[in-house]
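Here the protein sequences line up with chains U and C, keeping their order.
The numbering of the first sequence is the working numbering, which starts it at 748 and goes up by one.
The numbering of the second sequence is the working numbering, which starts it at 91 and goes up by one.
Below is one structure, written out as structure tokens, with a few remarks after it.
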Amino acid sequence: MKLDCKHVWEHISEYIDGSVDAKLREDIERHLEHCEICSAILDSTRNILILTADERTFELPVGYSERLHERLAKELESSKKDSEKE
Amino acid sequence: MGTMETNEAALIARILAGDKELFHELIRPYERMVYLTLFAIVKNETEAEDGAQEAVISAYRHLASFRGDAKFSTWLTTIAINQGRRRLRKAKGAAEESIEEPAGGHEGDFTPAPLTDWREIPLEALERKELREALRVAVAELPDIYRQVFVLRDLEEQNIEETAEVLGINPGAVKVRLHRARMMLQKRLVPFLKTTAPARRGFFGRAL
Chain U
748 MKLDCKHVWE HISEYIDGSV DAKLREDIER HLEHCEICSA ILDSTRNILI
798 LTADERTFEL PVGYSERLHE RLAKELESSK KDSEKE
Chain C
91 MGTMETNEAA LIARILAGDK ELFHELIRPY ERMVYLTLFA IVKNETEAED
141 GAQEAVISAY RHLASFRGDA KFSTWLTTIA INQGRRRLRK AKGAAEESIE
191 EPAGGHEGDF TPAPLTDWRE IPLEALERKE LREALRVAVA ELPDIYRQVF
241 VLRDLEEQNI EETAEVLGIN PGAVKVRLHR ARMMLQKRLV PFLKTTAPAR
291 RGFFGRAL
């Protein structure tokens, strides 16, 4: 089946995730071979995902981990005291 | 069962047997995930950090109720989501946050924006700080239901089933929302890229 661009867009997300079936994958790939528009959309979406997974994009607040473990240490301390009382 | 889960199960057993200090180690690989989950819901750094701490403490206190039939990460994410929703309700001081599809949610335009010059942009462009900032803003501005799915799937790299489970929606809805989120982001970032990429003329930017 020959796919139009809109049809390809509808499946772009699943295509990226590798969850389209073999037949559809083949149709999409055949379309991408000659369609610059869809290829660029695919590339741009992929790049956004790469950027999203890059740890520098979504950074944690400075000192987050230290504060978390400090708080946890206090909790562990008090729960130890509780179990000693028992 | 992978090595990670085996180690984790062993860690959990030892913590429950009294080696409580090991909880620090158990939680360390998930610190980032817990924070991002909270942030996706409350959208405020301080609230997200406080919530992340509460979620981790809560996981510690309730560790005995973790049965091991779910993955630890899924269980922990559920706690984080509940913590986030509780904070949101408190902040809004109103009725339960709606996690339903907004009215007319299926009618939206979720088509991507066409461009042909992205591939002309060298990979180094992805290193630009401004692009990362634009992405952060775009993600923050996604409608809640799309942002939550996007963060779980594409930031935390949880799978479809896990995402469906922790959000209490079906896997089909995860796929639909993820697709829409990605397309909205693509659309949002394309103009940003166009202004920074060298301009090209012609039909869809194609050289005539």
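By construction, the Cβ of each residue, glycine as well, lies at the ideal position given by its N, Cα and C atoms.
Report, in whole angstroms, the separation of the C-beta atoms of Leu-153 (chain C) and Gly-141 (chain C), which I expect to be a contact under 8 Å.
Here residue 153 (chain C) refers to the residue found at position 63 of the second sequence. Here residue 141 (chain C) refers to the residue found at position 51 of the second sequence. Not a contact, Cβ separation roughly 19 Å.
Which residues in chain U have a C-beta closer than 8 Å to the C-beta of Ile-147 (chain C)? List them in chain order.
The residue you call residue 147 (chain C) lines up with position 57 of the second sequence. Residues of chain U passing the Cβ test: Arg-818, Leu-819, Glu-822.
Taking Cβ positions only, does Gly-195 (chain C) come closer than 7 Å to chain U?
Reading the second sequence from its first residue, position 105 is the one you call residue 195 (chain C). The pLDDT assigned to Gly-195 (chain C) is 46, lower than 50, so where the model puts this residue is not dependable; a value taken from the coordinates is nonetheless given after this. No - not a single Cβ of chain U is within 7 Å of the one on Gly-195 (chain C).
Taking Cβ positions only, does Glu-135 (chain C) come closer than 7 Å to chain U?
As a working note, residue 135 (chain C) is residue 45 in the second sequence. Yes, its Cβ sits closer than 7 Å to a Cβ of chain U.
Taking 7 Å as the limit between beta carbons, can you name the residues of its chain near Ala-144 (chain C), skipping five residues before and five after?
Residue mapping note: residue 144 (chain C) aligns to position 54 of the second sequence, counting from 1. Per the sequence shown, the amino acid found at residue 144 (chain C) is Glu instead of Ala. Same-chain partners within the cutoff: Gln-173.
Measuring CB atoms only, is the stretch 235 to 245 of chain C touching the stretch 258 to 270 of chain C, in the sense that at least three cross pairs come out at less than 8 Å?
Touching, per the Cβ criterion.
Between the C-alpha atoms of Ala-800 (chain U) and Gly-158 (chain C), what's the straight-line distance to the nearest angstrom?
Stepping through the first sequence from its first residue, residue 800 (chain U) is reached at position 53. Stepping through the second sequence from its first residue, residue 158 (chain C) is reached at position 68. So the two alpha carbons sit approximately 28 Å from each other.
Pick out the complete alpha helix (DSSP H) segments inside the stretch 109 to 139 of chain C, 4 residues or longer, and give them in chain order.
Fully enclosed alpha helix (DSSP H) runs of 4 or longer: 113 to 117, 121 to 132.
Using the beta-carbon of each residue, which ones in chain U are nearer than 9 Å to Gln-248 (chain C)?
Position 158 of the second sequence, counted from the first residue, corresponds to residue 248 (chain C). The contacting residues do not exist; Gln-248 (chain C) stays about 12 Å from chain U at best.
Check Cys-752 (chain U) in the structure and name its three-state DSSP category.
Residue mapping note: residue 752 (chain U) aligns to position 5 of the first sequence, counting from 1. Note: Cys-752 (chain U) maps to helix in three-state DSSP.
What does Thr-201 (chain C) touch in chain U if you count any residue whose Cβ is under 8 Å from its own?
The count along the second sequence starts at 1 and reaches residue 201 (chain C) at position 111. In chain order: Lys-753, Trp-756.
Could you pull out every residue in the same chain whose Cβ sits closer than 7 Å to the Cβ of Arg-76 (chain C), ignoring the five residues on either side in sequence?
Chain C is shown only over 91 to 298; residue 76 (chain C) falls outside these bounds and no answer can be derived.
Report the rounded CA-to-CA distance for Glu-111 (chain C) versus Leu-126 (chain C), giving the unit in angstroms.
On the second sequence, position 21 is the one that residue 111 (chain C) refers to. On the second sequence, position 36 is the one that residue 126 (chain C) refers to. If you take the alpha carbons of Glu-111 (chain C) and Leu-126 (chain C), they lie about 24 Å apart.
With 16 other Cβ atoms within 10 Å as the buried cut-off, status of Asp-244 (chain C)
The residue labelled residue 244 (chain C) in the question sits at position 154 within the second sequence. Under the 10 Å beta carbon count, Asp-244 (chain C) is surrounded by 16 or more other beta carbons and is classified as buried.
Assign Arg-218 (chain C) to one of three DSSP states: helix, strand, or coil.
In the second sequence, residue 218 (chain C) corresponds to position 128, counting from 1. Arg-218 (chain C): coil per DSSP, three-state reduction.
Between which two residues does the alpha helix (DSSP H) holding Thr-253 (chain C) run?
The residue you call residue 253 (chain C) lines up with position 163 of the second sequence. 250 to 257 is the extent of the alpha helix (DSSP H) around Thr-253 (chain C).
At 7 Å on the CB atoms, spell out the chain U contacts of Tyr-125 (chain C), in chain order.
Within the second sequence, the letter at position 35 stands for residue 125 (chain C). What Tyr-125 (chain C) touches in chain U: Leu-807, Tyr-811.
Can Ile-169 (chain C) and Ser-155 (chain C) be called in contact, C-beta distance under 7 Å?
Counted from its first residue, the second sequence places residue 169 (chain C) at position 79. Counted from its first residue, the second sequence places residue 155 (chain C) at position 65. No; because the gap between Cβ atoms is not below 7 Å, this pair is not in contact.
Let me know the secondary structure DSSP gives Glu-187 (chain C) once reduced to three states.
Walking along the second sequence from the start, residue 187 (chain C) turns up at place 97. For Glu-187 (chain C), the pLDDT reaches just 47, beneath the cut-off of 50, and the residue's location in the model is therefore unreliable, leaving the point undetermined.
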